[in-house]
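**Q** So that we are looking at the same thing, I have put the structure below in structure tokens.
Take a look at the structure:
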């Protein structure tokens, strides 16, 4: 469903992503790993349109999305979370999710001004869907809290829910397990798997916690200095000498 | 979140307007009190309109007086300059019904001219962020003021190329002499009506996906764009709407003071509304309403005790003290 | 990349066309006279612009109050000069300059301490608004007239009236090929150039200057390197305010008249535009920008007095829309 061919991006002469290729099938959980500065987040920014690539193609279900502005890419069905959580901090949990439903909205400015039926109906619908999501993720208790006041783990969860509200086909998760303890990591692993099944998603994630990666992913790609150095099933990656080399002293890290 | 009920505000505004009107009919209230009422309404309109682009959308625009000037001059062009240049229009201002329609028309034209200029400016300027945007909007306000001061030169030029009528119209705008003789058409009815309409419009927008998109942009532009919000479009929309409402307010202002001068729309005027906005709290419409009311009264109070020159000292002091102690303003955000 | 270069060329071409158009329509003598006047005025703008640019470089703040610090420099040198001349003390020029510099430095540092430091961790716009407030407060407060004020405040304000600046240097004029020069302007230009060289030396070669550049580049890392950030920021404000003080006495000696305490507003705005034109945060940029703005403004004013006013803002808007990083600044990559 996602096809990336020969993608290049450099900043001031330093290549952040070099000849990157990736084909993902529908419904797969795919992980990208690699040391810091390997170009993983840059890749996410390229896919979601925050950066435009120097060269190369990105296709979603056969439609070219290369270099489109972020809001159009979101419309085509790609959503994401961020490494350093980017919630709308001064908004309530409820409103954060409602912003996610922006693409659902069809009413016009005149509808709002005249308080038209279509407008009221759609707003009601958005409210309902928001409550449905909150209930499904057991976050009703927080709905009127400001996003910035939530505990860290709940903020990560809220960011994922907000991304789900845009009704994506492909979800990009940037380090969903960062800063979590073992128990929380296990929870987030189950959580990701569950949303994949429940919302029929394809998931691409960046992760440093090897436990999460090995548990969850069906396929893993390893990047270093913008280049792909290995790709395959988790077990194959674990034993690949180039991967171990890239992670200095990485043996422990991989086990 | 508990939302303030704006019905209380509408009620108070209508009721106090009605009482003033009746008292004035029986000569119990001085025209001065009505003047204050009108000034408060206009200040509320301008502060809430500034709140749209600054408080809701988070784009730091500080040239509001420029749009106000455009609205004031465009509407005065219809009610004052045109009847002067082509006298066949003046009967329109004698018949009460046609006067009302003509004034409404002039106000709307003023608003739309300001809104259109806002749209054009916003289109080119809104890709700048933070202090750069602040500087450009400030410069824009000053360019508007300078342009109005230069209308005599433009009139001379138009005369020179043979466009006498247009030259006459432009000359009548007054340039550095100011534009006087504007009919006193702003009354309680218009001020109250427009204030309620504008506040209702903005509070309604806040709770729609338009308002949420603006606030999302204010909170985190990148995250907003990933949510599918066309950030450029919504920023331009906020900027144009804010300019349009400022233009409307400017039109009312012109027809209240009956004399406008390019320098009445200087940077100081923009700052005045920024003070109103910050005191009330960025993003809080009720805050804007309350602070615009309080500060207008404060100003009148200073005038009564003969200290009006302190106004220009007190505004910046309020601004500094608020920034240092309570940067969020008095009221919390609506969304 | 190519677009950047194109814009650069476009700007230079615009400048050259404008200049040659001006020279051809007003004649060589008139235009070189105006250009020389412009360069002299530009040296004053450059000194003020340096203060804007250094402060912006180090804490990313457009210090709106800087124009008012300059204004206070003008008034301080005026008062000191009057006093010294009344007493018949020689060396009035240098002494008034020293007083102006020290007064401005004290004020600049005090403003930073009271109004900006507490806000350093807050959103950047908070500090910007405070700066606006400080600027308006200084201008408006000092313009109040003294006889309307109670006892202690009476002696703090300057009042809104005109004042004439004492004659600190006897004016002599020279004529070379029809172009008129005078000694005051030449002395001022010399002082400005000397100070720019000294500043360049301080920033490039002294330990303090290196610490300044390190802080501007990355505050956290500078802190880890053992640099006392607060001291460096104070030093930067002091340096900028001192230069504004010198610009203040230059203003007084050149124009001979102080309109009101709002007089800092306009030079402050032009100098700010100069800093943006050169690339804000960039020290040589501020110097180049200052000289350019001085020349552009003088020429435009000589054509029509309102034009000089508008053209400054026009330059600002054009620079920000076409080349926001300025002539010498580097483009920044925004982090997603």
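Protein chains in written order, with the working numbering: chain A, 17 to 271; chain B, 484 to 818; chain C, 66 to 401.
The beta carbon of each residue, even a glycine, is placed where N, CA and C say it ideally should be.
Starting from the C-beta of residue 308/C, find all residues in its chain whose C-beta is less than 6 Å away, skip the five residues before and the five after it, and write them out in chain order.
**A** Here the set comprises 112, 115 and 116.
**Q** My output table needs one value for residue 642/B: the three-state DSSP class, helix, strand or coil.
**A** The answer is helix: DSSP assigns residue 642/B an H, G or I state.
**Q** When Cβ atoms are compared, which residues of the region 598-609 of chain B fall closer than 9 Å to chain C?
**A** Residues 607 and 608.
**Q** When DSSP labels each residue in this structure, what does residue 819/B get in the three-state scheme?
**A** Examination of residue 819/B is not possible in this model, given that chain B is present from 484 through 818 alone.
**Q** Check residue 791/B in the structure and name its three-state DSSP category.
**A** Correct three-state label for residue 791/B: helix.
**Q** Counting along the chain, where does the alpha helix (DSSP H) carrying residue 104/C start and finish?
**A** Taken as a continuous stretch (DSSP letters only), the alpha helix (DSSP H) holding residue 104/C covers 93-124.
**Q** Throw me the rounded Cβ distance for the residue 50/A and residue 194/A pair, which I believe falls under 8 Å.
**A** The Cβ separation is near 15 Å, so there is no contact.
**Q** How would you call residue 316/C, buried or exposed, if buried means at least 16 neighbouring beta carbons within 10 angstroms?
**A** So residue 316/C ends up on the buried side.
**Q** Using a Cβ-Cβ cut-off of 8 Å, state whether residue 577/B counts as contacting chain A.
**A** Not one chain A Cβ lies under 8 Å of residue 577/B.
**Q** Rounded to a whole number of angstroms, what is the C-alpha to C-alpha distance between residue 168/C and residue 176/C?
**A** Looking at the two C-alpha atoms, the distance is approximately 12 Å.
**Q** For residue 625/B and chain C, any beta-carbon pair shorter than 8 Å?
**A** True, the Cβ-Cβ gap to chain C drops below 8 Å.
**Q** Report the rounded CA-to-CA distance for residue 698/B versus residue 75/A, giving the unit in angstroms.
**A** Answer to the nearest angstrom: the Cα atoms are 31 Å apart.
**Q** Looking at C-beta atoms only, is the number of pairs between the region 147-166 of chain A and the region 103-111 of chain A that lie closer than 8 Å three or more?
**A** They touch, by the three-pair rule.
**Q** Can you tell me which of the three DSSP states residue 178/C falls into?
**A** Three-state DSSP puts residue 178/C in a helix.
**Q** In the structure shown, what three-state DSSP assignment does residue 75/A receive?
**A** Note: residue 75/A maps to strand in three-state DSSP.
**Q** Given residue 745/B, which residues of its chain have a CB within under 6 Å of its CB, disregarding the five upstream and five downstream residues?
**A** If we look at residue 745/B and ignore the five residues flanking it on each side, its Cβ neighbours are 628, 631 and 632.
**Q** Terminal residues of the continuous beta strand (DSSP E) containing residue 126/A?
**A** Element bounds for residue 126/A: not the beta strand (DSSP E) but the alpha helix (DSSP H), 125-129.
**Q** Any beta-carbon of chain D closer than 8 Å to the one on residue 326/C?
**A** Of the protein chains in the structure, A, B and C, none is chain D.
**Q** So the candidates are 349/C, 339/C and 346/C; which of them puts its Cα closest to the Cα of residue 360/C?
**A** Residue 339/C is the option with its Cα nearest to residue 360/C.
**Q** From which residue to which residue does the beta strand (DSSP E) around residue 247/C run?
**A** Note, residue 247/C: beta strand (DSSP E), 244-247.
**Q** Please report the residue range of the alpha helix (DSSP H) in which residue 725/B lies.
**A** Note, residue 725/B: alpha helix (DSSP H), 714-740.
**Q** Exposed or buried, which one is residue 272/A when buried takes at least 16 other CB atoms within 10 Å?
**A** Missing from the structure shown is residue 272/A; chain A here goes from 17 to 271 and no further.
**Q** Using the rule of at least 16 other Cβ atoms within 10 Å of the residue's Cβ for burial, across every protein chain shown, is residue 370/C buried or exposed?
**A** That one is exposed.
**Q** Distance check for residue 720/B and residue 368/C, CA to CA, integer angstroms please.
**A** Distance between the alpha carbons of residue 368/C and residue 720/B: 39 Å.
**Q** Note down, in chain order, all residues in the region 563-577 of chain B with a beta-carbon under 7 Å from any beta-carbon belonging to chain C.
**A** Hits within the stretch: zero.
**Q** List the residues of chain C whose Cβ lies closer than 7 Å to the Cβ of residue 543/B, in chain order.
**A** Here the neighbours are 190.
**Q** Is the separation between the beta-carbon of residue 139/C and that of residue 305/C shorter than 8 Å?
**A** The answer is no: Cβ separation not under 8 Å.
**Q** Would you mind stating whether residue 60/A and residue 190/A have Cβ atoms separated by less than 8 Å?
**A** Yes, Cβ-Cβ distance for residue 60/A and residue 190/A is below 8 Å.
**Q** Quick check: the Cα distance between residue 545/B and residue 537/B, rounded to an integer number of angstroms?
**A** Cα-Cα distance, rounded: 9 Å.
**Q** In angstroms with no decimal places, state the Cα-to-Cα distance between residue 755/B and residue 318/C.
**A** For residue 755/B and residue 318/C, the distance between alpha carbons rounds to 35 Å.
**Q** So within the region 566-597 of chain B, which uninterrupted beta strand (DSSP E) runs reach at least 3 residues, ignoring any that extend past its ends?
**A** Here no run is fully enclosed.
**Q** With the cut-off set at 8 Å, would you say residue 288/C and residue 297/C are in Cβ contact?
**A** Not closer than 8 Å, so no.
**Q** For residue 799/B, decide whether its Cβ has a neighbour in chain C, counting only Cβ atoms nearer than 8 Å.
**A** Yes, its Cβ sits closer than 8 Å to a Cβ of chain C.
**Q** Thinking C-alpha only, which one of 365/C, 379/C, 383/C and 380/C is nearest residue 86/C?
**A** Residue 86/C has its Cα closest to that of 365/C, out of 365/C, 379/C, 383/C and 380/C.
**Q** Going by DSSP, what residue range makes up the beta strand (DSSP E) through residue 354/C?
**A** Per DSSP, residue 354/C belongs to no beta strand (DSSP E); it is in the alpha helix (DSSP H), 348-368.
**Q** Do you know how far the Cα of residue 171/C is from the Cα of residue 300/C?
**A** Whole-angstrom Cα-Cα distance: 11 Å.
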